[in-house]
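Asks: Chains W, C and Z supply the protein sequences, listed in that same order. Residues in the first sequence are numbered from 58 upward in steps of one, following this note's numbering. Residues in the second sequence are numbered from -16 upward in steps of one, following this note's numbering. Residues in the third sequence are numbered from 299 upward in steps of one, following this note's numbering.
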Amino acid sequence: MTYSEFLAKYSTDIWRAFFTHIELVLVSVGIGVIIAVPAGIFLSRHKGTAKYILSIAGVIQTIPGLVLLGIMLILMGIGKPPAIAALSLYAILPILRNTYTGILEVDGHCIEAARGIGMSGGQILFQVELPLAMPAIIGGLRLSTVYIISWATLAGMIGAGGLGDLIWTGLSTYETKFIVAGAVPAAVLALVANAVIGFFQHILTPRGLKLGR
Amino acid sequence: MIQFRSVCKRYGKKTILDTLNLDIKAGEFVILIGPSGCGKTTTLKTINRLIEPDSGEIYIDGKDITKMDPVKLRRTIGYVIQQIGLFPNMTVEQNIAIVPKLLNYKKEEIDDIVHRLLDLVNMPYEENAKKYPSELSGGQQQRIGVLRALAASPPIVLMDEPFGALDPVTRDSLQEEVKKIQRKLGKTIVFVTHDMDEAIRLADTIVFMNEGKVLQVASPEEMLQNPADPIIKSFLGKHMSNGVNAAGMVASDFMRKKVLTVPKTKKTLECIELMSRRDVSSLIVIEEDDTYLGTVSVDKIKAQGKAGKEIAELITVEAITVNRDSNAQEAFELLIASPTGYVIVLNDDNTVAGLITKTSMAKAMGEALWGEMTQ
Amino acid sequence: MSTLFSLTIEHMVLVLIAIAISAIIGVILGIICYWVLYLDKVILWVVDSLQTIPSLALLALLMIFFGLGNTTLIIGLILYSLLPIVRNTYIGLTGVPPHLKDAAKGMGMSKLQRMRKVELPLSFPLIFSGIKIATVTALSIAVIGVLIGSGGLGYPIYRGIQTMNFGAIIKGTLPVVIMAVIFDFLMSKVEYKLVKRAK
């Protein structure tokens, strides 16, 4: 069958896979952000603990995606929840690390001035530290999103659906068209997400940081 | 207004503040100065509790500040640091407005404050309010830093070596401005520096510290005249000779009183004899009433003099003269410029009071610096 | 156990071959970025995109052209590893202080000699760091290779998933993680020494 016939026949499947994929990514990265940003803030106040936690997280990062998905499969069965659980764990590290370094890199003198003029800890965090760390945090978000889009392609292995499903079908049936139907959208999705978040990184950087001498 | 009572602070084994007792009066420009490590910055930071004392009390307006909420306290005290610390993510306007915002001032009030303060330092609102700190020069940034500290009208403003990182020209003009602002607004300013020039220029009262203790609290003039400790003296350094001794000195302080004078009726050959015996190359000639007439040099006599004639004809008035009460520095400069190498000091009635030579000047200066010379 | 060992070796060898080739290509591309003004943005964008593309997608597409097996995995790993190496080479080269370049020019070195004797050696710590990052990442990615018919530790992991055998998954994962940690540790040490020497 030609490509156009193929697309006509399987378009619903392809769209379903696509949206499932996006769903998996959004939810996992969302969970990652919710956990990692407060954790990053916490670690910036407790630098000793930070070293341990970041090393441990670094080691977890070396665990191949397949493995965590497999473990979650065993623990939680098949379907989306175990995939999301595994992917969320992956999403945490880049955001965590970038939040932590981003906050630490804020000019200490600004913080001293802020304390000295009578800003409370919370006010300093939200009005000074986070705005100034924002480019780094979004950088972490960007990395994380790209990773998750990539690993989510494996989610099909444990029955969660997504574009990986199509790729796998293609691999196991030697049907090139399925591979293309899965791989190309996945690639495009990753490239577009990278560019879009990069764009947001640019516009969300406080103006004061971009200008100047 | 600010009182320190037996305040102590230690870091590990090192004592930073040693039973500090100090009173700072309201409305004064007070400078804390001393060698590195003397505790001046620590003292400053205990006022707004960025550093907490280990023991002792600090009172502002009679209230013990250790019993207050530090964050609320700091909002009533202005704070300016050397590295400026403006928030790069906020505009000039937002930086200045920050404390009033924290205190929930109304928008119109804040607006008004920002306009007024920017006018105070000649940085008009239209051009500057929406700029970001990174678009400003160092001097402009620090001006905004000062404005930020003043925005909520705190009675006290703390400044920690605020101009240390600026070039001398900018530093100079900012010092002027801060002094003016302090006078105009009547603030109590506590200012830390290690630059004695700055201290003398700006302070109403100087607090000299060393090793965690206060060595002397005095106005700049007092401290210059009566430094309480050798270390203060050495800090004052060049200011000493200018301030105390040189300020009041006049030409007569530097002169040699024993001067060789001859009446104009003296004959040429006698003069030559005199000059050869006394080993000088010129003589001061005076009138019958002892007033100064001029000088004669041995060369002139030899060239133009005739034996037996009075030297009155050979008088030149090349020599430089000064009145005995004229400024010593002026006399010094004339001495250096003098073609004859000496300056004649005259009394008000034009009689000769004495002679300033390089030797007599050097001797007098030595005595000024180190006390009476035995020779 | 012995199968596990041979699989581990196979895994490592696949990665090392890929890294070696990627390093050579990557450094050359980095040099080109540095020498040719407009190509730098293009090359960096391409290489960045290669890494952004999901690895499974990349491998699957490659498989269409190169078939199943180890070769495809190696090609995929090479492409995937280019970014850190090219980028670090480029940053390292552009970071060479201009006065040193001038000195070399002044001494009469040709462009190539300058590159060989001055610029590359000075950039080496940074390039090595890029290779380190690429290696550690590749060890993890290589596991996916099993899905396109390559060898390596992906196999026991995959089998473990299919049979829901926790133990098998762990047996496959542990060597990967251990290798990654060891390589990271050793290469960081070397990197540290290189940086110290450069100072």
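Where a beta carbon is used, it is the ideal one built from N, C-alpha and C, also for glycine.
Near Gly367(Z), what residues of its chain come up, given a Cβ to Cβ distance below 8 Å and the 5 sequence neighbours on each side ignored?
Replies: Cβ within range, chain order: Ile446, Gly447, Ser448.
Asks: Who are the Cβ neighbours of Arg239(C) in its own chain at under 6 Å, not counting the five residues just before and after it?
Replies: For Arg239(C), where only same-chain residues beyond five positions count, the Cβ hits under 6 Å are Gly337, Leu338, Ser343.
Asks: Tell me the rounded alpha-carbon separation between Ile139(C) and Pro213(C).
Replies: Distance between the alpha carbons of Ile139(C) and Pro213(C): 32 Å.
Asks: Please tell me whether Leu198(W) has its Cβ less than 7 Å away from any Cβ of chain Z.
Replies: By this cut-off, Leu198(W) is not an interface position.
Asks: Taking the alpha helix (DSSP H) that Gln165(C) belongs to, which residues open and close that run?
Replies: Looking at the DSSP string, the run of the alpha helix (DSSP H) that includes Gln165(C) is 151 to 168.
Asks: Kindly indicate which three-state DSSP category Ser265(C) falls into: helix, strand or coil?
Replies: Ser265(C): strand per DSSP, three-state reduction.
Asks: I need the straight-line Cα distance from Lys(-4)(C) to Cys21(C), nearest angstrom please.
Replies: Rounded to the nearest angstrom, the two C-alpha atoms are 15 Å apart.
Asks: Measuring CA to CA, which of Ile480(Z), Asp400(Z), Ile307(Z), Val344(Z) is closest to Ala244(W)?
Replies: The shortest C-alpha separation from Ala244(W) is found at Val344(Z).
Asks: If we require 4 or more residues per run, which alpha helix (DSSP H) segments fall completely within the region 371 to 416 of chain Z?
Replies: Fully enclosed alpha helix (DSSP H) runs of 4 or longer: 396 to 404, 409 to 412.
Asks: Could you name the residues of the region 80 to 113 of chain C whose beta carbon sits closer than 9 Å to any beta carbon of chain W, in the order they occur along the chain?
Replies: Listed by position, the residues of the region 80 to 113 of chain C near chain W (Cβ gap below 9 Å) are Ile81, Val82, Leu85, Leu86.
Asks: Looking at C-alpha atoms only, which residue of Leu337(Z), Tyr490(Z), Ile476(Z) is the closest neighbour of Ile307(Z)?
Replies: Ile307(Z) has its Cα closest to that of Ile476(Z), out of Leu337(Z), Tyr490(Z), Ile476(Z).
Asks: Can you give me the start and stop residues for the alpha helix (DSSP H) that Thr158(W) sits inside?
Replies: Start and end: 137 to 161.
Asks: Helix, strand or coil: which one does DSSP assign to Met106(C)?
Replies: If DSSP states are grouped into helix, strand and coil, Met106(C) belongs with coil.
Asks: Between Ser304(Z), Thr301(Z), His309(Z), Tyr336(Z), which has its C-alpha nearest Ala478(Z)'s C-alpha?
Replies: Comparing Cα positions, the closest option is His309(Z).
Asks: Between the beta-carbon of Pro192(W) and the beta-carbon of Asn72(C), is there less than 7 Å?
Replies: No. Outside cutoff.
Asks: At the 7 Å Cβ level, is Phe483(Z) part of the contact set with chain W, yes or no?
Replies: Not one chain W Cβ lies under 7 Å of Phe483(Z).
Asks: Select from Lys170(C), Thr304(C), Leu243(C) the residue whose C-alpha is nearest the C-alpha of Ala186(C).
Replies: Answer by Cα proximity: Lys170(C).
Asks: Chain C beta carbons: is any one of them nearer than 7 Å to that of Pro188(W)?
Replies: Chain C, which has a Cβ nearer than 7 Å to the Cβ of Pro188(W), makes this yes.
Asks: Taking just the CA atoms, how far does Gly443(Z) sit from Ala321(Z)?
Replies: In a straight line, the C-alpha of Ala321(Z) is about 20 Å away from that of Gly443(Z).
Asks: Would Arg57(C) be called buried (16 or more neighbouring beta carbons within 10 Å of its own) or exposed?
Replies: Looking at its Cβ environment, which holds 16 or more other Cβ atoms inside 10 Å, Arg57(C) is buried.
Asks: Leaving out five residues before and five after Ser145(W) in sequence, what residues of the same chain have Cβ atoms less than 7 Å from its Cβ?
Replies: The residues are Ser85, Ile88, Gly89.
Asks: Which chain W residues sit within Cβ distance under 9 Å of Tyr456(Z)?
Replies: Leu123, Gly127, Met214, listed in chain order.
Asks: Helix, strand or coil for Gly465(Z), going by three-state DSSP, please let me know.
Replies: Note: Gly465(Z) maps to helix in three-state DSSP.
Asks: Name the one or two DSSP bridge partners that Tyr453(Z) has.
Replies: Paired residue(s): none; Tyr453(Z) is not in a bridge.
Asks: Name the residue from Ile131(W), Gly239(W), Ala140(W) whose alpha carbon lies nearest to the alpha carbon of Ile71(W).
Replies: Nearest of Ile131(W), Gly239(W), Ala140(W) to Ile71(W), Cα basis: Gly239(W).
Asks: Hey, how far is the Cα of Phe481(Z) from the Cα of Ile(-1)(C)?
Replies: Straight-line Cα distance between these residues: approximately 48 Å.
Asks: Taking only beta-carbon atoms, is His166(W) less than 7 Å away from chain C?
Replies: At least one chain C Cβ lies under 7 Å of His166(W).
Asks: Taking the C-alpha atoms as reference points, what is the distance between Ser112(W) and Ile160(W)?
Replies: Their backbone Cα atoms lie some 18 Å apart in a straight line.
Asks: Buried or exposed: Ser280(C), going by 16 or more other Cβ atoms within 10 Å of its Cβ?
Replies: Label assigned to Ser280(C): buried.
Asks: Nearest to Thr26(C) by CA position, among Glu11(C), Val54(C), Gln(-14)(C), is which residue?
Replies: For Thr26(C), the nearest C-alpha among the options comes from Gln(-14)(C).
Asks: What residues in the region 467 to 481 of chain Z have a beta carbon less than 7 Å from any beta carbon of chain W?
Replies: Against chain W - using a Cβ distance shorter than 7 Å - the residues of the region 467 to 481 of chain Z are Ile467, Thr471, Val474, Val475, Ala478, Val479.
Asks: Answer yes or no: the CB of Ile189(C) versus the heavy atoms of the ligand MN, is any distance below 6 Å?
Replies: Absent from the structure shown: the ligand MN. Ligands present: none.
Asks: Could you have a look at Tyr231(W) and say whether DSSP puts it in helix, strand or coil?
Replies: In the structure shown, Tyr231(W) sits in coil (DSSP, three-state: anything other than H, G, I, E or B).
Asks: Among residues of its own chain, excluding the 5 on either side of Ile315(Z), which ones have a beta-carbon nearer than 7 Å to its beta-carbon?
Replies: Around Ile315(Z): Ile372.
Asks: Is it true that the region 384 to 394 of chain Z meets the region 250 to 264 of chain W, where meeting means three or more beta-carbon pairs spaced less than 8 Å apart?
Replies: Too few Cβ pairs lie closer than 8 Å, so no.
Asks: I'd like to check one pair, Gln165(C) with Phe12(C): are the Cβ atoms closer than 7 Å?
Replies: Closer than 7 Å, so yes.
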